[in-house]
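This report refers to the structure that appears directly beneath it.
In this note's numbering, the protein residues as written are 8 to 427.
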């Protein structure tokens with residue numbers, strides 16, 4: 008079942024370095040990163056190049072749901088999807104057509120080495136992020152790597168260091184898609200905090216709630232720490248909440264105490280065999296920021312009825328702002344004497360928010376639009392601009408520090424300091 012989920016969600020690929028993975032974990036088959044057949048693109052089948060002399064020439068490794076999101080964003084940003092790499096030749100051929108790619112690669116390393124590709128988008132399961140991103144940076148490419156950046160803090164430190172060296176050497180760009188930053192109403196909240204309109208922030212709290220792993224019969228490759236990492240609920244979605252909090256307020260979490268819970272001790276995969284669960288379903292945490300604000304958060308993948316509810320509320324001495332990702336067209340503002348619902352309207356928003364408000368008021372924007380804007384800003388950065396708020400590998404490392412602190416606190420039952 009895990010192999011099927013890997014293929015469906017991301018498109019399994021081979022790693023560019025030699026590695027030995029077990030053929031099964033907890034009694035379930037998984038994809039072998041070294042031997043799994045991937046897309047084949049014979050040289051004779053290459054399409055004539057239609058690429059501009061300069062532009063966003065991308066390759067995607069991983070052709071599942073998130074790969075599709077990246078492909079649409081690349082096209083919207085005016086880029087060319089040169090090649091894709093995925094699980095097998097028939098699926099690859101179909102994926103290349105569906106995603107609008109010019110071709111497909113025999114291996115991930117072949118895609119990375121393709122001279123027609125400038126930017127490598129890594130949309131694979133988590134255990135492949137470090138080897139693929141390392142290979143792409145070594146090949147001189149810009150990189151967009153899905154989060155979490157690495158399976159552990161050490162891997163994230165290594166990748167962030169490589170990205171920093173690449174940026175210093177030749178201005179290369181390395182991005183982690185914390186895409187919720189690109190909702191216009193998130194930018195509006197950030198602008199109001201920066202302007203002082205909220206006043207001195209005292210409380211920042213919220214949640215990220217989902218239900219897709221509610222039942223013991225719900226399973227996914229992310230459940231297995233060998234494929235997704237030791238932290239699941241926090242590493243997968245808690246990282247988004249913390250990034251949104253720190254990005255919007257401009258403050259960093261410096262101390263926290265956390266509890267984790269595994270609601271389903273066992274999960275049954277498609278093979279009908281139960282296996283012990285070694286990653287958390289839910290996390291609660293309290294924290295303090297470097298600006299003196301206090302807060303709490305609930306992170307869950309087992310909250311019935313909640314599909315993707317990322318909620319953040321910021322309370323200051325002058326006003327409170329609240330954003331709900333499932334209702335991204337609005338931002339609630341509360342004051343002592345009145346409250347109001349701000350509607351996304353490019354004519355009424357701050358310049359920082361209006362820049363990302365691509366449609367007229369009354370024409371809803373959503374999740375895909377966030378990714379479109381992120382890739383657009385990545386292209387701008389590659390062209391020498393400095394887009395405000397583009398999330399980089401340094402932000403991916405920050406998320407790894409937070410995940411490590413959450414795990415350490417849950418293990419010890421104490422307040423802990425968060426690493427830099």
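A virtual CB, placed ideally from N, CA and C, is assigned to each residue, including glycine.
Measuring from the CB of residue 272, is there a heavy atom of the ligand ADP at a distance below 7 Å? The ligand content of the structure shown is nil, which means the ligand ADP is not present either.
When burial is assigned at 16 or more other CB atoms within 10 Å of the CB, is residue 346 buried or exposed? Here residue 346 refers to the residue found at position 339 of the chain shown. Counting Cβ neighbours within 10 Å, residue 346 comes out exposed, since fewer than 16 surround it.
Residue 98 to residue 421 span [Cα, whole Å]: Translated into the one-based positions of the chain shown, residue 98 becomes position 91. Translated into the one-based positions of the chain shown, residue 421 becomes position 414. Rounded to whole angstroms, residue 98 to residue 421 spans 48 Å at the Cα level.
Would you mind sorting residue 94 into buried or exposed? The rule is 16 or more other CB atoms within 10 Å of its CB. For the purposes of this step, residue 94 is taken as the residue at position 87 of the chain shown. By the neighbour-count rule (16 or more Cβ atoms within 10 Å), residue 94 is buried.
In this structure, what does DSSP give as the bridge partners for residue 311? Position 304 of the chain shown, counted from the start, is the residue given in the question as residue 311. Bridge partners of residue 311: none, in fact.
Going by DSSP in three states, residue 340 sits in which element: helix, strand or coil? Here residue 340 is taken as the residue at index 333 of the chain shown, counted from 1. In this structure, residue 340 counts as strand in the three-state DSSP scheme.
Any idea if residue 121 is buried or exposed, counting beta-carbon neighbours within 10 angstroms, 16 or more meaning buried? By one-based count along the chain shown, residue 121 stands at place 114. It counts as buried.
Which residue's Cα is closest to the Cα of residue 4: 216, 300 and 333? Within the shown structure, residues of the chain are numbered from 8 to 427, placing residue 4 beyond reach of any answer.
With which residues is residue 128 paired in a DSSP beta bridge? Residue numbering aside, residue 128 sits at position 121 when the chain shown is read from its first letter. In DSSP, residue 128 forms a bridge with 67 and 151.
Once DSSP output is grouped into helix, strand and coil, what is the label at residue 318? Walking along the chain shown from the start, residue 318 turns up at place 311. Here residue 318 sits in strand by DSSP.
Coarse secondary structure for residue 88, derived from DSSP in three states: Numbered from 1 along the chain shown, position 81 holds the residue referred to as residue 88. If DSSP states are grouped into helix, strand and coil, residue 88 belongs with the strands.
Bridge partners of residue 211, per DSSP? For this step, residue 211 is matched to residue 204 along the chain shown. BP columns for residue 211 point to 321.
Proximity to residue 155 [Cα-Cα], best of 87, 419 and 408: In the chain shown, residue 155 corresponds to position 148, counting from 1. Minimum Cα distance to residue 155 is reached at 408.
Considering only the beta carbon of each residue, do residue 109 and residue 74 sit closer than 8 Å? By 1-based counting over the chain shown, the position of residue 109 is 102. By 1-based counting over the chain shown, the position of residue 74 is 67. No, they are not a contact pair.
If we count the other Cβ atoms within 10 Å of its Cβ and call it buried at 16 or more, is residue 274 buried or exposed? If you number the chain shown from 1, residue 274 lands on position 267. Its Cβ being crowded by 16 or more others within 10 Å, residue 274 is buried.
Proximity to residue 300 [Cα-Cα], best of 320, 272 and 354: What you label residue 300 is simply residue 293 of the chain shown in a count that begins at 1. Checking every option, the nearest Cα to that of residue 300 belongs to 320.
Give the range of the beta strand (DSSP E) segment to which residue 327 is assigned. Against the chain shown, residue 327 aligns to sequence position 320. Unbroken beta strand (DSSP E) run through residue 327: 327-331.
Here's the rule I'm using: 16 or more other beta-carbon atoms within 10 Å means buried, otherwise exposed. How should residue 392 be labelled? The residue labelled residue 392 in the question sits at position 385 within the chain shown. Classification of residue 392: exposed, given that the 10 Å Cβ count is below 16.
If you draw a straight line from the alpha carbon of residue 139 to that of residue 197, how long is it in whole angstroms? Residue numbering aside, residue 139 sits at position 132 when the chain shown is read from its first letter. Residue numbering aside, residue 197 sits at position 190 when the chain shown is read from its first letter. Taking C-alpha positions only, residue 139 is separated from residue 197 by approximately 33 Å.
In whole angstroms, what is the alpha-carbon distance linking residue 342 and residue 142? Along the chain shown, one-based indexing puts residue 342 at 335. Along the chain shown, one-based indexing puts residue 142 at 135. Rounded to whole angstroms, residue 342 to residue 142 spans 51 Å at the Cα level.
Of all the options 68, 123 and 349, which has the alpha carbon lying nearest to the alpha carbon of residue 369? The residue labelled residue 369 in the question sits at position 362 within the chain shown. Among 68, 123 and 349, the Cα nearest to that of residue 369 is on 349.
Could you check where the beta strand (DSSP E) with residue 291 kicks off and where it finishes? Here residue 291 refers to the residue found at position 284 of the chain shown. Taken as a continuous stretch (DSSP letters only), the beta strand (DSSP E) holding residue 291 covers 289-296.
Give me the Cα-Cα distance between residue 48 and residue 230, rounded to the nearest whole angstrom. As a working note, residue 48 is residue 41 in the chain shown. As a working note, residue 230 is residue 223 in the chain shown. Confidence at residue 48 is low in this model, with a pLDDT of 39, below 50, so the placement of that residue should be treated as unreliable; the coordinate-derived value is given next. Each residue's Cα considered, the two are about 33 Å apart.
In whole angstroms, what is the alpha-carbon distance linking residue 257 and residue 306? Here the question's residue 257 lines up with position 250 in the chain shown. Here the question's residue 306 lines up with position 299 in the chain shown. Using only the alpha carbons, I get a separation of about 21 Å.
Measure the alpha-carbon distance for residue 211 versus residue 252 and round it to whole angstroms. Here residue 211 refers to the residue found at position 204 of the chain shown. Here residue 252 refers to the residue found at position 245 of the chain shown. Going from the Cα of residue 211 to the Cα of residue 252 covers about 7 Å.
Cβ of residue 216 within 8 Å of Cβ of residue 310? Walking along the chain shown from the start, residue 216 turns up at place 209. Walking along the chain shown from the start, residue 310 turns up at place 303. Cβ distance < 8 Å, so residue 216 and residue 310 count as in contact.
If I follow the unbroken beta strand (DSSP E) through residue 275, where does it start and stop? Here residue 275 is taken as the residue at index 268 of the chain shown, counted from 1. Start and end: 273-275.
Where residue 281 and residue 293 are concerned, what is the direct C-alpha to C-alpha distance, given to the nearest angstrom? To locate residue 281, count along the chain shown from 1; it is residue 274. To locate residue 293, count along the chain shown from 1; it is residue 286. CA-to-CA, the gap between residue 281 and residue 293 works out to about 34 Å.
Give me the residue from 233, 278, 209 and 269 with the minimum Cα distance to residue 297. By one-based count along the chain shown, residue 297 stands at place 290. Answer by Cα proximity: 209.
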